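Worksheet: the structure to be examined is printed underneath.
Residue numbers (the numbering used here): 22 to 152.
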């Protein structure tokens with residue numbers, strides 16, 4: 022899952038929480054809100070996250086060993102049955118939220134510009150060798 026090897030081993034409840042927190046950390050800057058859902062909808066085989074996209078659409082997202090899928094159209098709701106799993110949270114968000122895609126792209130461009138500027142500044146400060 023997030024930042025891991027996508028192996029098929031079974032996680033326990035605490036490991037699902039750690040996995041969900043890693044996902045939240047990875048995408049939080051590109052959505053309005055993402056939090057772990059109420060404990061009542063989580064168990065040792067899965068965990069749910071409540072998500073509000075930048076378009077202000079609310080979802081309940083299920084994370085299992087099979088991947089990520091939408092299971093509800095409001096927080097803590099798990100009444101939507103779908104076999105449409107996504108391997109990563111990024112693929113799911115890319116499908117659900119055009120503004121996620123834009124925010125992610127803008128963030129990437131900003132980081133690349135910062136890196137370019139930093140390298141340029143570093144090169145400007147290097148001592149020049151006289152011929």
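Don't be surprised by glycine CBs; every beta carbon is placed ideally from N, CA and C.
These figures come from a predicted structure and were not determined experimentally.
Could you say which of 48, 113, 79 and 140 lies nearest to residue 99 if we only look at CA atoms?
Along the chain shown, read from residue 1 onward, the residue named residue 99 stands at position 78. Ranking the options by Cα distance to residue 99, first place goes to 79.
Which of helix, strand or coil does DSSP assign to residue 94?
As a working mapping, residue 94 is identified with position 73 in the chain shown. Correct three-state label for residue 94: coil.
Ignore the nearest five residues each way along the sequence and tell me which others in residue 87's own chain have a CB closer than 6 angstroms to its CB.
Position 66 of the chain shown holds residue 87. Excluding sequence positions up to five before and after residue 87, its CB lies within less than 6 angstroms of the CB of 106, all in the same chain and listed in chain order.
Take residue 104 as the anchor and find which of 82, 124 and 33 has the nearest alpha-carbon.
Taking the first residue of the chain shown as 1, we reach residue 104 at position 83. Of the candidates 82, 124 and 33, the one whose C-alpha sits nearest the C-alpha of residue 104 is 82.
Beta-carbon within less than 7 angstroms of residue 62's beta-carbon, same chain only, minus the 5 sequence neighbours each way: which residues are those?
Stepping through the chain shown from its first residue, residue 62 is reached at position 41. If we look at residue 62 and ignore the five residues flanking it on each side, its Cβ neighbours are 69, 97 and 99.
Let me check understanding here. Comparing Cα to Cα, which of 85, 110, 34 and 89 lies closest to residue 46?
As a working note, residue 46 is residue 25 in the chain shown. Closest by alpha carbon: 110.
Closest to residue 71 by C-alpha separation, out of 92, 65 and 32, would be which residue?
In the chain shown, the residue the question calls residue 71 occupies position 50. Among 92, 65 and 32, the Cα nearest to that of residue 71 is on 92.
Thinking just about the alpha-carbon of each residue, which of 66, 43, 65 and 64 is nearest to the one in residue 56?
Against the chain shown, residue 56 aligns to sequence position 35. For the residues 66, 43, 65 and 64, the minimum Cα distance to residue 56 belongs to 43.
Could you have a look at residue 106 and say whether DSSP puts it in helix, strand or coil?
The sequence position of residue 106 within the chain shown is 85, counting from 1. Three-state DSSP puts residue 106 in coil, outside helix and strand.
Using a Cβ-Cβ cut-off of 6 angstroms (strictly less than) and excluding sequence neighbours within five positions of residue 124, which residues of its own chain qualify?
For this step, residue 124 is matched to residue 103 along the chain shown. Answer for residue 124: 51, listed in chain order.
In three-state terms, what does DSSP make of residue 136?
For this step, residue 136 is matched to residue 115 along the chain shown. Three-state result, residue 136: helix.
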